[in-house]
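A short write-up of the structure that comes next.
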Amino acid sequence: FFPLALACKLIDGKIFSIDLEPPTKKISELINHFKLQNNCELISIGDTDPLLLKRFREDNLIFDVIFLDTNHEYEHTKLELKTYKEFLNTGWFLIMHDCPSSGYGTDKALKEFLETNFEYIVVSRREYCCGLTILKRTV
Numbered sequence: 273f274f275p276l277a278l279a280c281k282l283i284d285g286k287i288f289s290i291d292l293e294p295p296t297k298k299i300s301e302l303i304n305h306f307k308l309q310n311n312c313e314l315i316s317i318g319d320t321d322p323l324l325l326k327r328f329r330e331d332n333l334i335f336d337v338i339f340l341d342t343n344h345e346y347e348h349t350k351l352e353l354k355t356y357k358e359f360l361n362t363g364w365f366l367i368m369h370d371c372p373s374s375g376y377g378t379d380k381a382l383k384e385f386l387e388t389n390f391e392y393i394v395v396s397r398r399e400y401c402c403g404l405t406i407l408k409r410t411v
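Note that this note's numbering has the sequence shown beginning at 273, numbered continuously upward.
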């Protein structure tokens with residue numbers, strides 16, 4: 273998270289981190305120490321919570337990069353992909369963690385997603401890197 277937040281500071285960008293758990297005191301201290309308040313927002317809510325998605329839509333938020341560190345379950349991963357595809361800028365990347373080609377429900381959800389969302393292509397898939405998968409939105 274912090275390398276991305278520091279990179280956002282350099283380009284005057286912003287990173288959103290969504291987690292069920294609220295940020296720890298240490299994370300808050302680091303944000304203050306590196307003066308990252310304008311470059312990152314920590315949101316304590318479920319990543320498919322309707323209130324979060326309503327806010328994204330109302331604020332017309334479109335992201336260049338979305339990183340999904342899913343919970344490995346088929347239904348949840350399927351919902352995340354369906355939900356976040358509308359918030360990704362054309363020509364940019366949706367990155368998934370823990371998406372190996374076997375073992376988790378993430379693979380089945382990803383295959384189904386790609387079968388019906390032709391605007392997404394697999395740019396990279398790394399089995400040895402915790403199933404790191406990079407999709408690109410082409411249209």
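All C-beta atoms in this analysis are idealised placements derived from N, C-alpha and C, irrespective of residue type, glycine included.
Same chain, Cβ closer than 7 Å to residue i, neighbours up to 5 away in sequence not counted
{"i": "Asn311", "result": "Ala277, Cys280, Lys281, Gly285, Lys286 and Ile287"}
Buried versus exposed call for residue i [16 or more other C-beta atoms within 10 Å across all chains shown]
{"i": "Thr349", "result": "buried"}
{"i": "Thr342", "result": "buried"}
{"i": "Leu292", "result": "exposed"}
Simplified DSSP assignment, three categories, for residue i
{"i": "Asp336", "result": "strand"}
{"i": "Glu399", "result": "coil"}
{"i": "Tyr376", "result": "coil"}
{"i": "Glu345", "result": "coil"}
{"i": "Asn389", "result": "coil"}
{"i": "Ile367", "result": "strand"}
Nonlocal neighbours in the same chain, by C-beta distance under 8 Å from residue i, ignoring five residues either side
{"i": "Arg409", "result": "Lys357, Leu360, Asn361, Thr362, Gly363, Trp364, Phe365, Leu366, Glu391 and Tyr392"}
{"i": "Leu323", "result": "Ile317"}
Other residues of its chain near residue i: CB distance less than 6 Å, five sequence neighbours each side excluded
{"i": "Pro372", "result": "Glu399 and Gly403"}
One or two residues paired with residue i in a DSSP bridge
{"i": "Ser289", "result": "Leu314"}
{"i": "Ile406", "result": "Ile367 and Ser396"}
Anticipated Cβ contact below 8 Å, residue i with residue j, distance rounded
{"i": "Thr405", "j": "Val394", "result": "7 Å"}
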